[in-house]
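Undergrad: Quick mapping for you: the protein sequence lines, in order, are chains A and B. Basically our numbering = 1-based index in the first sequence + 12. Basically our numbering = 1-based index in the second sequence + 43. We put the CB at the ideal spot given by N, CA and C, even for glycine.
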Amino acid sequence: MHYIKFLAVFFLIVGIKTNLSAQDLLKGKKIYETRCLVCHQADGGGVPNMNAPLDGASNVVGKDIARMVRIIKKGYNEKVALDGFYYSNAMTANPDLSDEDIANVLTYIRGSWSNKAGKVSLAQVKAAKSKSH
Amino acid sequence: MKNLKIVLGFAFIAVSFAVNAQDNAGLKLPNGFKATLFANGIGSARHIAITPNGVLFAKLMYPNKGGNSIIRMEDKNNDGIADEVSGWGKYGGTGIFIKGKNLYATSDNDVFMYQLNDKDEVENTASPKTIVKGLIARNQHASKSITLDGQGNIYVNIGAYSNACQEKDRMPGSKGMMPCPILDSAGGIWKFDGQKENQVYGDGKRYATGLRNVVGLDWNKQTNSLFVMQHGRDQLNSFYPTLYNDAQNAELPAETMYEMHEGDNAGWPYIYYDPYQKKKILSPEYGGDGKKEGGENAIDPTVFFPAHMAPNALLFYTGNQFPEKYKNGAFIAFHGSWNRAPLPQEGYFVAFVPFKNGKPSGAWEIFANGFSGLTGEDKVTNPRKAKARPCGLAQGPDGSLYVSDDSNGSIFKISYSK
Numbered sequence: 013m014h015y016i017k018f019l020a021v022f023f024l025i026v027g028i029k030t031n032l033s034a035q036d037l038l039k040g041k042k043i044y045e046t047r048c049l050v051c052h053q054a055d056g057g058g059v060p061n062m063n064a065p066l067d068g069a070s071n072v073v074g075k076d077i078a079r080m081v082r083i084i085k086k087g088y089n090e091k092v093a094l095d096g097f098y099y100s101n102a103m104t105a106n107p108d109l110s111d112e113d114i115a116n117v118l119t120y121i122r123g124s125w126s127n128k129a130g131k132v133s134l135a136q137v138k139a140a141k142s143k144s145h
Numbered sequence: 044m045k046n047l048k049i050v051l052g053f054a055f056i057a058v059s060f061a062v063n064a065q066d067n068a069g070l071k072l073p074n075g076f077k078a079t080l081f082a083n084g085i086g087s088a089r090h091i092a093i094t095p096n097g098v099l100f101a102k103l104m105y106p107n108k109g110g111n112s113i114i115r116m117e118d119k120n121n122d123g124i125a126d127e128v129s130g131w132g133k134y135g136g137t138g139i140f141i142k143g144k145n146l147y148a149t150s151d152n153d154v155f156m157y158q159l160n161d162k163d164e165v166e167n168t169a170s171p172k173t174i175v176k177g178l179i180a181r182n183q184h185a186s187k188s189i190t191l192d193g194q195g196n197i198y199v200n201i202g203a204y205s206n207a208c209q210e211k212d213r214m215p216g217s218k219g220m221m222p223c224p225i226l227d228s229a230g231g232i233w234k235f236d237g238q239k240e241n242q243v244y245g246d247g248k249r250y251a252t253g254l255r256n257v258v259g260l261d262w263n264k265q266t267n268s269l270f271v272m273q274h275g276r277d278q279l280n281s282f283y284p285t286l287y288n289d290a291q292n293a294e295l296p297a298e299t300m301y302e303m304h305e306g307d308n309a310g311w312p313y314i315y316y317d318p319y320q321k322k323k324i325l326s327p328e329y330g331g332d333g334k335k336e337g338g339e340n341a342i343d344p345t346v347f348f349p350a351h352m353a354p355n356a357l358l359f360y361t362g363n364q365f366p367e368k369y370k371n372g373a374f375i376a377f378h379g380s381w382n383r384a385p386l387p388q389e390g391y392f393v394a395f396v397p398f399k400n401g402k403p404s405g406a407w408e409i410f411a412n413g414f415s416g417l418t419g420e421d422k423v424t425n426p427r428k429a430k431a432r433p434c435g436l437a438q439g440p441d442g443s444l445y446v447s448d449d450s451n452g453s454i455f456k457i458s459y460s461k
C-alpha cells in the first residue's frame, strides 16, 4: 500500500515536472516492460557495447521524433556512434504496435529515469510516419 | 597544505594497496587462492595472451584513451602488478594469441601477425603481416576469436550476423531460412594456415559449423582437438510468448561447450539445447514448439551451463601451480547475462569444469566470483553497473591464471599457494 502511494506521488511529481500524466507513463511503461526491457534493461541503461542506453541518451530526449518512430516500427541495426559508442546488437522491429502505443512508449522513455523530455502525442507520431515514407 | 595533501594522497594509496592485497582485488576465490589487480584502466580488454617469459598482451575492443588497442604489460619486480605498460594499434578487436615468437591479433575483419623479439617486444608495430583478411563482420557477433593447434593452423570464429537465421532478423513471426544461407560464410569456425599471408575465405576451410557465436575457444593439447563455447540464442519469449514465458526465457537455451572435430555441426539455427530436457529442441522459427526434437546431424554439448551467461573465454589449465583437481580442466570466463531480464542476471564469474582423459569428470563450479561488485537488488537492475566483466583468460608461465575485464580494463592475476 505504501509502495503504491509512493509510486503515485512519484508519478505525480514526475508528471508535474514534465507535463506528463501518470496515465501516459503507465501505458508506456507496460509496453516498455514487455517489448524493450529485455535489451534496454529496467533502468534504461542498456548493455555496454551491445544495446544502446535510453537513459541519458541525447537522441531519446532530442527533437527527432520521426527517427525514433521509425526505429521502433522497423527495428535498428546500423554501425553508427550513439553519444560516442557503438552497439552491436540488432533491435527488434515492432510492426504491430499502434501509433498510440508508440506515442506512449516514447513518452515513457523520454520521461523516465533521468530523462525529462516532453510527451509525444499521437499527432506527432502520425506526422512522423507520413514524413518517413 | 600542499604537503599535507601529498602525504594524505600517499597514505590513501598505501591503504588502498593494503586493502587490495587483503581482499584479493575484490574477488571471491576458493581456499588457498589469492588475487592481485595486475593492471587497471587499460581500456576494453577482451582476450589476453602471455609469453613464456610472463609478458602479457591484451586486445582492446576500442583504442583506449592513449589511442592504443594492443596493450603490453610486464611485471618486472614480480609483485603481481604490472609495472611497465605500453601499447600500439589503432584497430579494435577481440582475438589475441601467442605461438612461439608470433603474436596474432584480430580486428573484426582480419587476422594480423606481429613478431616478438628476445625481450618479448614488438618492433614492427606499424607493419604486421596480414594473415587473413576480408572476413564477414556485420555488427552482430562480429568479433573474431582465434586459437592455434600444434600444427601451425589457426582457427578463427566467424559469428553469425543473426539471432536465429530468420528471413528478417529479430522480426516477430519471421520464419527461419531453410537452409540457413549464413552458414556458408559465418556461424562456424574457419581454419587457415598460421603463416601464409593475405588469405581470404577461399584459402581457408569451414572447419566446424552450426555455431551461432563463439567468443571463447581453446585447442586442448591432451585430446588434440578444438573446444568452443557457444553463445546461445536470445528472445524466445519476445517472439513466441505463447510457447515461452519470462522465466523459461531466462533459462533457455543452455550455454554450451562443444568438442569440435573437422566437419562437426552444433546445430544452430535449427535447434537449441534445453538444459532441463537435456535434448536438442527444434527452434520455433523452424516449426518447434519447445518439445519437438531436432538436429539429427548435430553433435551434443560436452558440458552445458545456465542460459545467457555469455562465455567469452575458454582455457584448459596445463599448469602445475594449482591443486591436482585443476590439471587439464577447463576455465570459462562468463561475461555475464543481460537477456535474462526481467529476471536477475547471471554470470560475471569464472567457472571451472574438471576433466579427466579429455572428458568432463564432474559438475561445473564457480571458481572466481565478485567481478561485478553487485549484489541483491543492484544485480537485478543492470549490466552497465557491473564493475568488471570477465572476458579473457591466460595461463602464466608459473601457472597463475590471468582474467581480463572489458568494462573497466582490469587484469586480475590469480595464484595458489599451500
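If you follow the beta strand (DSSP E) that Y198 of chain B is part of, which residue opens it and which one closes it?
TA: Here residue 198 of chain B is taken as the residue at index 155 of the second sequence, counted from 1. Note, Y198 of chain B: beta strand (DSSP E), N196 to I201.
Undergrad: Quick check: is the beta carbon of G74 of chain A nearer than 8 angstroms to any beta carbon in chain B?
TA: Position 62 of the first sequence, counted from the first residue, corresponds to residue 74 of chain A. Output row for G74 of chain A: interface = no.
Undergrad: Quick one: residues in its chain with C-beta nearer than 6 angstroms to the C-beta of Y369 of chain B, no 5 flanking neighbours on either side, listed in chain order?
TA: Your numbering for residue 369 of chain B matches position 326 in the second sequence. Only Y360 meet the Cβ criterion.
Undergrad: Between I454 of chain B and chain A, is there a C-beta pair that is closer than 8 angstroms?
TA: Counting from 1 along the second sequence, the entry for residue 454 of chain B is found at position 411. Answer no: the Cβ-Cβ gap between I454 of chain B and chain A never drops below 8 angstroms.
Undergrad: Listing by chain order, which chain B residues have their CB less than 8 angstroms from the CB of Q53 of chain A?
TA: Residue 53 of chain A sits at position 41 when you count from the first residue of the first sequence. Simply W381, A384, T424, N425, P426 and R427.
Undergrad: Using the C-alpha atoms, what's the distance from S133 of chain A back to Y445 of chain B?
TA: In the second sequence, residue 445 of chain B corresponds to position 402, counting from 1. In the first sequence, residue 133 of chain A corresponds to position 121, counting from 1. The C-alpha of S133 of chain A is placed about 53 angstroms away from the C-alpha of Y445 of chain B.
Undergrad: For the segment 182-193 of chain B, enumerate the residues whose C-beta is nearer than 7 angstroms to any C-beta of chain A, in chain order.
TA: N182, Q183 and A185
Undergrad: Would you please verify whether the beta carbon of N127 of chain A is less than 8 angstroms from any beta carbon of chain B?
TA: Within the first sequence, the letter at position 115 stands for residue 127 of chain A. Taking Cβ atoms only, chain B never reaches closer than 8 angstroms to N127 of chain A, which makes this a no.
Undergrad: Would you tell me roughly how many angstroms separate the C-alpha atoms of G452 of chain B and A353 of chain B, rounded to the nearest one?
TA: In the second sequence, residue 452 of chain B corresponds to position 409, counting from 1. In the second sequence, residue 353 of chain B corresponds to position 310, counting from 1. Answer to the nearest angstrom: the Cα atoms are 18 angstroms apart.
Undergrad: My output table needs one value for C434 of chain B: the three-state DSSP class, helix, strand or coil.
TA: Residue mapping note: residue 434 of chain B aligns to position 391 of the second sequence, counting from 1. Strand, per DSSP.
Undergrad: Is A64 of chain B helix, strand or coil when you go by DSSP?
TA: Looking up residue 64 of chain B in the second sequence gives position 21. Unreliable placement is indicated for A64 of chain B, whose pLDDT of 48 sits below 50; no coordinate value is reported for it.
Undergrad: Identify whether N263 of chain B lies in helix, strand or coil by the three-state DSSP scheme.
TA: Residue mapping note: residue 263 of chain B aligns to position 220 of the second sequence, counting from 1. Strand, per DSSP.
Undergrad: Using a Cβ-Cβ cut-off of less than 8 angstroms, list which residues of the segment 211-245 of chain B approach chain A; keep chain order.
TA: Listed in sequence order: K211, D212, R213, M214 and P215.
Undergrad: From L286 of chain B to N355 of chain B, what does the alpha carbon distance come to, in whole angstroms?
TA: As a position in the second sequence, residue 286 of chain B is number 243, starting the count at 1. As a position in the second sequence, residue 355 of chain B is number 312, starting the count at 1. L286 of chain B and N355 of chain B: Cα-Cα distance of roughly 29 angstroms.
Undergrad: Can you grab the Cα-Cα spacing for the pair K41 of chain A / I83 of chain A, in whole Å?
TA: As a first step, residue 41 of chain A is located in the first sequence; it is residue number 29 there, counting from the start. As a first step, residue 83 of chain A is located in the first sequence; it is residue number 71 there, counting from the start. I83 of chain A has its alpha-carbon roughly 18 angstroms from the corresponding atom of K41 of chain A.
Undergrad: Using DSSP bridges, identify the partner residues of Q298 of chain B.
TA: As a position in the second sequence, residue 298 of chain B is number 255, starting the count at 1. It should be pointed out that residue 298 of chain B corresponds to Glu in this sequence rather than to Gln. Looking at the DSSP assignment, E298 of chain B forms a beta bridge with B:F348.
Undergrad: I'd like to know if M104 of chain B contacts chain A, where contact means its C-beta is closer than 8 angstroms to some C-beta of that chain.
TA: Numbered from 1 along the second sequence, position 61 holds the residue referred to as residue 104 of chain B. Closer than 8 angstroms to some Cβ of chain A, the Cβ of M104 of chain B qualifies, so yes.
Undergrad: Who are the Cβ neighbours of A290 of chain B in its own chain at under 7 angstroms, not counting the five residues just before and after it?
TA: Here residue 290 of chain B is taken as the residue at index 247 of the second sequence, counted from 1. Around A290 of chain B: L386.
Undergrad: Quick one: which residues of the segment 77-100 of chain A get their C-beta closer than 7 angstroms to a C-beta of chain B? List them in chain order.
TA: G87, N89, K91 and S100
Undergrad: Could you check the C-alpha separation between M220 of chain B and L226 of chain B for me, to the nearest Å?
TA: As a first step, residue 220 of chain B must be located in the second sequence, where it is residue number 177. As a first step, residue 226 of chain B must be located in the second sequence, where it is residue number 183. When rounded, the distance between both Cα atoms is 11 angstroms.
Undergrad: What does a CB cutoff of less than 6 angstroms around V137 of chain A pick up in its chain, not counting 5 residues either side in sequence?
TA: Stepping through the first sequence from its first residue, residue 137 of chain A is reached at position 125. Once the five neighbours on either side are set aside, the close Cβ partners of V137 of chain A are V81, D111, I114 and A115.
Undergrad: Between L71 of chain A and chain B, is the shortest Cβ-Cβ distance under 8 angstroms, so that the two count as touching?
TA: Position 59 of the first sequence holds residue 71 of chain A. Note that residue 71 of chain A is Asn in the sequence shown, not Leu. No, no contact with chain B.
Undergrad: Would you mind sorting L240 of chain B into buried or exposed? The rule is 16 or more other CB atoms within 10 Å of its CB.
TA: Within the second sequence, residue 240 of chain B is the residue found at index 197, counting from 1. Checking the displayed sequence, the identity of residue 240 of chain B turns out to be Glu instead of Leu. Exposed, since its Cβ has fewer than 16 Cβ neighbours within 10 Å.
Undergrad: Relative to the alpha-carbon of N280 of chain B, which residue among B:W233, B:L295 and B:K218 has its alpha-carbon at the smallest distance?
TA: Within the second sequence, numbered from 1, the residue matching residue 280 of chain B stands at position 237. Ranking the options by Cα distance to N280 of chain B, first place goes to B:L295.
Undergrad: Quick check: what's the CA-CA separation for A64 of chain B versus D449 of chain B?
TA: As a position in the second sequence, residue 64 of chain B is number 21, starting the count at 1. As a position in the second sequence, residue 449 of chain B is number 406, starting the count at 1. Caution is warranted here: a pLDDT of 48 is assigned to A64 of chain B, below 50, making its placement in the model unreliable, and no coordinate value can be reported.
Undergrad: What does the Cβ neighbour count give for D108 of chain A, buried or exposed, with the cut at 16 atoms within 10 Å?
TA: Taking the first sequence and counting its residues from 1, one reaches residue 108 of chain A at position 96. Its Cβ having fewer than 16 others within 10 Å, D108 of chain A is exposed.
Undergrad: Cβ closer than 8 angstroms: which chain A residues qualify as neighbours of Q278 of chain B?
TA: Reading the second sequence from its first residue, position 235 is the one you call residue 278 of chain B. Result: V50 and T104.
Undergrad: Y204 of chain B and A229 of chain B: beta carbons closer than 8 angstroms?
TA: Start at 1 with the first residue of the second sequence, and residue 204 of chain B comes out as number 161. Start at 1 with the first residue of the second sequence, and residue 229 of chain B comes out as number 186. Cβ distance < 8 angstroms, so Y204 of chain B and A229 of chain B count as in contact.
Undergrad: Under 8 angstroms: do the segment 43-50 of chain A and the segment 393-413 of chain B share three or more Cβ pairs, one atom per stretch?
TA: no
Undergrad: Rounding to the nearest angstrom, what Cα-Cα distance links A297 of chain B and L118 of chain A in this structure?
TA: Residue 297 of chain B sits at position 254 when you count from the first residue of the second sequence. Residue 118 of chain A sits at position 106 when you count from the first residue of the first sequence. About 34 angstroms.
Undergrad: Look at the Cβ atom of K102 of chain B, then the Cβ atom of D151 of chain B, and state whether they are nearer than 8 angstroms.
TA: Counting from 1 along the second sequence, the entry for residue 102 of chain B is found at position 59. Counting from 1 along the second sequence, the entry for residue 151 of chain B is found at position 108. In this structure, D151 of chain B does not lie closer than 8 angstroms to K102 of chain B by Cβ.
Undergrad: Apart from the five residues just before and just after S447 of chain B, which ones in its own chain have a Cβ nearer than 6 angstroms to its Cβ?
TA: Here residue 447 of chain B refers to the residue found at position 404 of the second sequence. Only A88, I91, A101, C434, G435 and I454 meet the Cβ criterion.
Undergrad: Which bits of chain A does S450 of chain B rub up against, with CB to CB less than 8 angstroms?
TA: Taking the second sequence and counting its residues from 1, the one referred to as residue 450 of chain B is at position 407. Within 8 angstroms Cβ-Cβ: P60.
Undergrad: Counting only C-beta atoms, is S281 of chain B closer than 8 angstroms to chain A at any point?
TA: Walking along the second sequence from the start, residue 281 of chain B turns up at place 238. Yes, S281 of chain B counts as interfacial toward chain A.
Undergrad: Identify which residue in B:G110, B:F155 and B:A185 has its Cα closest to the Cα of V258 of chain B.
TA: Taking the second sequence and counting its residues from 1, one reaches residue 258 of chain B at position 215. Considering only alpha carbons, the answer is B:A185.
Undergrad: Give me the Cα-Cα distance between N400 of chain B and N263 of chain B, rounded to the nearest whole angstrom.
TA: Position 357 of the second sequence, counted from the start, is the residue given in the question as residue 400 of chain B. Position 220 of the second sequence, counted from the start, is the residue given in the question as residue 263 of chain B. About 11 angstroms.
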